[in-house]
């Protein structure tokens, strides 16, 4: 009986060890991504059709401003500093754009860490977790949101190609971390899912 139990437990412990190893490796690659990027976030006032339309119009209107401010940033810290220095300007620009569309809703810009669920941008998937972000909230900011990556500049144009996005990410966070975001192959997919599960579990534990 003991021998049979050993034969059962040994492969289980081996599988558990492999999963722990993959989780640690995936967390390291995810950390490199989180420490290398700044997310851009536009939150609608509500989920009404009108508010969601305004969100997209504000996003499109801000693209040229975002490009002028952040396209030449050398690293994440420079991007965050520029965002902090230009918060009031971005709020005024956002309200100007909304005003031209007939809306008097206020715009708030927040710079700092926030939790994002898993999101996909072209060929790259970003695991759930806490990221530094520039968030633009319309009105009460309780609606569905638009997101992209402000640094490196993946969202300055809606038509950024997958190849260009991957090249920019590789320069910012390294080729290995970018491979993790591509999820190409079974091992990267398993690492990604483990990280996703772990980060959601941590968030749930913190909120309990």
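Residue numbers (my numbering): 6 to 213.
Think of the CB as a built atom: it goes at the ideal place given N, C-alpha and C, for glycine as much as any other residue.
Which residue from 104, 146, 111 and 84 puts its Cα closest to that of residue 117? Of 104, 146, 111 and 84, the residue nearest in Cα terms is 84.
Residue 19 to residue 26 span [Cα, whole Å]: Each residue's alpha carbon lies about 11 Å from the other.
Check whether the stretch 188 to 199 touches the stretch 106 to 113, counting contact only when three or more Cβ pairs, one atom from each stretch, lie closer than 8 Å. Proximity of the stretch 188 to 199 to the stretch 106 to 113 falls short of the contact definition, fewer than three beta-carbon pairs being nearer than 8 Å.
Taking DSSP as the reference, what is the three-state secondary structure of residue 159? Three-state DSSP puts residue 159 in coil, outside helix and strand.
Once the 5 residues before and after residue 175 are set aside, which same chain residues still bring their CB inside 6 Å of it? Setting aside the 5 residues that flank it on each side, residue 175 is surrounded in the same chain by 183, each with a C-beta closer than 6 Å to its C-beta; the list follows chain order.
Proximity below 9 Å, CB of residue 181 to CB of residue 128: Between residue 181 and residue 128, the gap from beta carbon to beta carbon reaches 9 Å or more.
Close-in-space but distant-in-sequence residues of the same chain around residue 69 (CB under 6 Å, 5 per side omitted): Once the five neighbours on either side are set aside, residue 69 has no close Cβ partner at all.
Count the C-beta pairs between the stretch 44 to 53 and the stretch 141 to 154 that are closer than 8 Å, then say yes if the count reaches three, no if not. Taking one beta carbon from each stretch, the stretch 44 to 53 and the stretch 141 to 154 have 3 or more pairs nearer than 8 Å; the two touch.
Looking at C-alpha atoms only, which residue of 32, 122, 160 and 158 is the closest neighbour of residue 209? For residue 209, the closest C-alpha among the options 32, 122, 160 and 158 is that of 122.
Runs of alpha helix (DSSP H) lying entirely within the stretch 79 to 112, each at least 4 residues, in chain order: For the stretch 79 to 112, whole alpha helix (DSSP H) runs of length 4 or above, ordered along the chain, are 81 to 90 and 92 to 105.
Please report how far the alpha carbon of residue 93 lies from the alpha carbon of residue 101, in whole angstroms. A straight line joining the alpha-carbon of residue 93 with that of residue 101 spans about 12 Å.
What residues match up with residue 124 in a beta bridge as DSSP calls it? Beta-bridge pairing links residue 124 to 131.
Please list, in chain order, all residues of the same chain as residue 87 whose beta carbon is under 7 Å from its beta carbon, the five residues on each side excluded. Hits under 7 Å: 74, 75 and 78.
Rounded straight-line distance, which links the Cα of residue 17 to that of residue 91: Each residue's alpha carbon lies about 54 Å from the other.
May I have the straight-line CA-CA distance separating residue 60 from residue 67, to the nearest angstrom? A direct Cα-to-Cα measurement between residue 60 and residue 67 gives close to 11 Å.
From 131, 65 and 126, residue whose alpha carbon lies closest to that of residue 32: Here the closest residue by C-alpha is 131.
Beta-carbon proximity check, residue 148 vs residue 80, cutoff 9 Å: At least 9 Å separates the beta-carbon of residue 148 from that of residue 80.
Here's a check: name, in chain order, each residue in its chain whose Cβ is nearer than 6 Å to the Cβ of residue 34, leaving out the five neighbours to either side. For residue 34, where only same-chain residues beyond five positions count, the Cβ hits under 6 Å are 182 and 185.
Where residue 212 sits in the DSSP three-state scheme: Helix at residue 212.
Can you give the beta carbon distance from residue 43 to residue 178, rounded, assuming they're within the 8 Å contact cut? Wrong, their Cβ atoms sit about 12 Å apart, outside the cutoff.
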